[in-house]
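Novice: Residue numbering for the sequence shown follows the numbering used here, beginning at 1103 and increasing consecutively. Backbone N, C-alpha and C define an ideal beta-carbon position, used for all residues, glycine too.
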Amino acid sequence: MNNILITGPPGSGKTTLVMRLAESLRHLSPVGFYTEEIREQGLRQGFEIASLDGRRRTLAHTAFKGGHRVGKYVVDVSGFEDFLGTIDFTSAKAGAVVIDEIGKMECLSPAFIRLARGLLDSPTLLVATVSLAGEGFIGEVKARRDVELVEIGSHTRDSVFEGLRRRLRAGGK
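1. So within the region 1192-1257, which uninterrupted beta strand (DSSP E) runs reach at least 3 residues, ignoring any that extend past its ends?
2. In the DSSP assignment, what residue or residues form a beta bridge with arginine 1159?
3. At which residues does the beta strand (DSSP E) containing glycine 1134 begin and terminate?
4. Starting from threonine 1109, follow its DSSP beta bridges and name the residues at the other end.
5. Taking 8 angstroms as the limit between beta carbons, can you name the residues of its chain near isoleucine 1215, skipping five residues before and five after?
6. How many whole angstroms separate the CB atoms of arginine 1271 and serine 1126, which I take to be in contact at a CB cut-off of 8 angstroms?
7. Just grab the DSSP bridge partners of leucine 1145 for me.
8. Starting from arginine 1267, trace the alpha helix (DSSP H) in both directions and tell me its first and last residue.
9. Since I believe valine 1133 is in contact with aspartate 1202 (beta carbons under 8 angstroms), could you give me their beta-carbon distance rounded to a whole number of angstroms?
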């Protein structure tokens, strides 16, 4: 399968797992992005997205005003779409794409949904995290026949990583 989707509850290690896989796939020159929490005084205040080449942008924050809200966070959909435009997801050099994550915040962007559909339909290896719960595009992605959905927990993250790493390094998609 060219599409590997990693799911699990919050805090189960999805981002950690996908970042470890991205590192082990360096020989494929992966492109993409991952999401990190923004913590202020120990409390989660938002989320930042970072490209695999190190560029960063705030995706959502409690201090943002107006716009789309997911829980207590206001999502900067326009900024997210601008950020996506800076990543060459279709680079001929890229043998793999990493997306962390296909979640409620990201799915507020029609441009992201179009991008994700195109990547899922392409022959390029896609390693992505996806929300455990969700309707609409999240449910659609998880129901596709051309995806391998891997569910992890905090106790299975390392063994799942080793199994996927071995398989991907051996060329088995």
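Specialist: By the coordinates alone:
1. Listed in chain order, the beta strand (DSSP E) elements of length 3 or more contained wholly in the region 1192-1257 are 1198-1204, 1227-1232 and 1249-1253.
2. On the sequence shown, position 57 is the one that residue 1159 refers to. Under DSSP, arginine 1159 shares a beta bridge with Ile1151.
3. Taking the first residue of the sequence shown as 1, we reach residue 1134 at position 32. Judged by DSSP secondary structure, glycine 1134 falls within the beta strand (DSSP E) whose first and last residues are 1133-1142.
4. As a working note, residue 1109 is residue 7 in the sequence shown. Threonine 1109 is bridged by DSSP to Glu1253.
5. Along the sequence shown, one-based indexing puts residue 1215 at 113. Excluding five sequence positions before and after isoleucine 1215, the CB atoms of its chain that fall closer than 8 angstroms to its own CB belong to Cys1209 and Phe1239, given in chain order.
6. The sequence position of residue 1271 within the sequence shown is 169, counting from 1. The sequence position of residue 1126 within the sequence shown is 24, counting from 1. Confirmed, Cβ separation roughly 7 angstroms.
7. Along the sequence shown, one-based indexing puts residue 1145 at 43. DSSP output for leucine 1145 lists Glu1142 as bridge partner(s).
8. To locate residue 1267, count along the sequence shown from 1; it is residue 165. Note, arginine 1267: alpha helix (DSSP H), 1259-1271.
9. Counting from one through the sequence shown, the residue named residue 1202 turns up at place 100. Counting from one through the sequence shown, the residue named residue 1133 turns up at place 31. Their Cβ separation, rounded to whole angstroms, is 13 angstroms, which puts aspartate 1202 and valine 1133 out of contact at 8 angstroms.
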